[in-house]
Amino acid sequence: MPSLEKKHRVQSLIQLALAVALLIVINVLANARLGGTRLYGALDLTEDKRFTLTEPTRQQLAALEEPVYIRVLLEGELPASYQRLRTAVAETLEDFSGYTDNLEYEFVDPLIGQPDEVRQRQEDMLQDGIVPMTDYQQTAGERTTRAIYPYALIYYGDRQRIVPLLETARPDVPIEQQLNQAESLLEYNFTSAIQSLTDDDKPVIGFTLGNGELGALQFADLVAELRKDYEVGPVYLDSFATLPTDIDLLIVAKPTVPFTDFQAFKLDQYVMNGGKVIWAIDAVAMDYDSLRATGEAYPQSRTTGLEDLFFKYGFRLGNQLVLDLVNTPIPIATSQGPSGPKFNLVPFPYHVLALPEADNPIVQNIDAVDMRYPTLIELVGGSDQVEETVLLASSDRSRRQRLPSPIDLDAQKFDVDLDRFNESDLPLAVLLEGRFESPYANRLSRENEQLLRANGMDYRAESVPTAMVIVSDGDVLANSVNSRGEVGYLGVNPFTKIPYANKTFMLNAVEYLLNPGGVITSRGKQVKLRLLDREAAVAEAGYWRALNLALPLVALALFGWVFNFLRRRRYTTN
14 MPSLEKKHRV QSLIQLALAV ALLIVINVLA NARLGGTRLY GALDLTEDKR FTLTEPTRQQ
74 LAALEEPVYI RVLLEGELPA SYQRLRTAVA ETLEDFSGYT DNLEYEFVDP LIGQPDEVRQ
134 RQEDMLQDGI VPMTDYQQTA GERTTRAIYP YALIYYGDRQ RIVPLLETAR PDVPIEQQLN
194 QAESLLEYNF TSAIQSLTDD DKPVIGFTLG NGELGALQFA DLVAELRKDY EVGPVYLDSF
254 ATLPTDIDLL IVAKPTVPFT DFQAFKLDQY VMNGGKVIWA IDAVAMDYDS LRATGEAYPQ
314 SRTTGLEDLF FKYGFRLGNQ LVLDLVNTPI PIATSQGPSG PKFNLVPFPY HVLALPEADN
374 PIVQNIDAVD MRYPTLIELV GGSDQVEETV LLASSDRSRR QRLPSPIDLD AQKFDVDLDR
434 FNESDLPLAV LLEGRFESPY ANRLSRENEQ LLRANGMDYR AESVPTAMVI VSDGDVLANS
494 VNSRGEVGYL GVNPFTKIPY ANKTFMLNAV EYLLNPGGVI TSRGKQVKLR LLDREAAVAE
554 AGYWRALNLA LPLVALALFG WVFNFLRRRR YTTN
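Numbering (this note's numbering) for the sequence shown: 14 to 587.
Right, here's the structure in full:
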């Protein structure tokens, strides 16, 4: 009998050792790879697939050859809303780690240490553009403030990129919505930064100059942002016989001098040979300064010399201004005081807040875009081989105003006729993708033909697959410039100081045109904000309390009864 008990004891110890060994092996395999292949997987059961990385992200992580180090400045005593963002960041980076061994990350508290050290650290971060968010807490009659730094610092060799995890938003956007949007963009923000740090081959972007386009100061903020990831420079059309094919993207920013037919032909053949273009066109000559000087103005249609190109490509910029009740205000003198006129901000329907319209990465998860005197984009269907996507449009309380008709500044002080604003979704920015047809197919001049022949090129009547974005406002990419020549931030309204998504829209458009299947696709991830239904919670409070308290007790009692019944049945002798 003792020998039998000893034998059972040895068997139990062996089984325990084997179980422990099996758990260790499973744990090792759960964090191991064979070559570049993971030996483990995960099942994402969430409706919005928040834990599933896009294919471009997985490919980029798997291709990392050197370590990437990420320092996240979200640690310490964080409010509950920011703690949720920290958790989402940790989960995202954990998912990233599953596809590469060359990723390390840590969370640090930038406010820890001696007061002098913290103050110096904050000053250094401020010089690097790391501006804190201020969180206000009201407890026991006392209001406290805390600086929150929703940023990540990414290092790759001797390169560094600062990634804001929470974008600056309008003051009327709730913090919950801002954090939800930030959570949706975590994968994109990290992947885009890693790509920028690891990619040495920068695409070339050209801004056309010589036809009255925006000056260097007016798009300085956008150019400074673009130069982090691209080679950017001016393109004078008269300096080239034909546009070089190594220009990956061309931006035509608010030309005010008409293009000659010769220049238009160069642009056309650039498109025909696969060139990507962003057309930011003011089809109407109008601005606030001229209106403020006289109080009344008559906007005039502006000829660009590109009308034939645009019509053949499938769109037309007509002489119809778009007005919208969703707009930004302008200062107007509403009364006369002892020290002079008193100015108030008054809604101005000609300054439209264009709303994201399409399910496209360019406009997904972005705020409204501030546009000035935009015109209607008419889609005329140039070719069956071109796909049209409206990116930005007016709200459901908009209308069009045909020219010639005046704009009266004094009329803005009074209530508008709401019944007239009965149109919706008027196109203000459009993406065209496909094969475009050249307007010169049946009217190629001898000079243009000789030009192509001299440069070893053939005339193309149809383009290779390419894409372009049309925006009916040239100022959409213009930052403010004050009287001292100081450059403002693109998208910040000069009157209200509220930031809008102009810069994000332009950067997304550039990235999509250059690489539509790249990391920009991760912008399409939507993390739904599921808020508590407070009315239902109050009405059903008793039911849920009973369910949460009684059900576990009943289950535990049932388990105990079954366990004891089976035990008695097994060990009771007849």
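Here a beta-carbon is modelled for each residue, glycine too, at the ideal position from N, C-alpha and C.
Take residue 472, set aside five residues on each side of it, and the residues of its chain with a beta-carbon closer than 7 Å to its own are 457, 462 and 465, in chain order. In the DSSP assignment, the residues bridged to residue 263 are 219 and 290. Distance check between residue 234 and each of 371, 494 and 225 places 494 closest, using alpha-carbon atoms only. Judged by DSSP in its simplified three-state form, residue 523 adopts helix.
Note that the C-beta distance between residue 527 and residue 261 is below 9 Å.
Annotation: the continuous beta strand (DSSP E) that includes residue 413 extends over 411 to 415.
Only residues of its own chain outside the window of five on either side were considered, and among them 366, 367, 368, 513 and 514 have a CB closer than 7 Å to the CB of residue 381, listed in chain order.
Put simply, of 211, 143, 304 and 208 the residue whose alpha carbon is nearest the alpha carbon of residue 178 is 143.
Taking residue 309 as the centre and dropping the five residues before and after it, the same chain places the C-beta of 419 and 421 closer than 6 Å to its C-beta, in chain order. Its Cα nearest to that of residue 81, the residue 116 stands out among 320, 248, 295 and 116. Measuring C-alpha to C-alpha distances from residue 489 to each of 431, 385 and 141 identifies 385 as the nearest.
Looking at 504, 480, 201 and 280, the one whose alpha-carbon comes closest to that of residue 399 is 480.
Taking the Cα of residue 297 as reference, the smallest distance to any Cα among 229, 326, 317 and 287 is reached at 317. Between residue 264 and residue 293, the gap from beta carbon to beta carbon is short of 9 Å. For residue 111, the closest of 446, 303, 70 and 157 by C-alpha to C-alpha distance is 70. Per DSSP, residue 119 is one residue of the beta strand (DSSP E) stretching across 116 to 120. Per DSSP, residue 406 is one residue of the beta strand (DSSP E) stretching across 399 to 406. When rounded, the separation of the alpha-carbon atoms in residue 173 and residue 85 is 13 Å. Per the Cβ contact rule, the region 320 to 329 is not in contact with the region 338 to 357 (fewer than 3 Cβ pairs under 8 Å). In the displayed model, residue 516 falls within a helix according to three-state DSSP. Nearest to residue 212 by C-alpha distance, out of 354, 76, 583 and 497, is 76. Ranked by how close their Cα comes to the Cα of residue 371, the residues 394, 313 and 440 have 440 in first place. Taking a C-beta distance under 9 Å as the contact criterion, residue 225 and residue 269 qualify as a contact pair. By DSSP's assignment, residue 359 forms a beta bridge with 343.
Membership of residue 446 in the beta strand (DSSP E) is indicated by the continuous run 440 to 447. Straight-line measurement puts the Cα of residue 460 at about 46 Å from the Cα of residue 210.
Under the criterion of beta carbons closer than 8 Å, residue 475 and residue 446 do not qualify as touching, at roughly 15 Å.
CA-CA distance, residue 101 to residue 498, rounds to 41 Å. For residue 383, the uninterrupted beta strand (DSSP E) segment begins and ends at 382 to 385.
Under the 8 Å Cβ criterion, the region 518 to 534 does not count as touching the region 409 to 418, having fewer than three qualifying pairs. Nearest C-alpha to residue 301 among 507, 220, 99 and 169: 507. Bridge pairing for residue 481: 290 and 445 [DSSP]. Within the model, the alpha-carbon separation for residue 201 versus residue 454 is close to 42 Å.
Going by C-alpha positions, residue 558 is about 29 Å away from residue 98.
Residue state for residue 565 is assigned as helix, using DSSP reduced to three classes.
Judged by DSSP in its simplified three-state form, residue 331 adopts strand.
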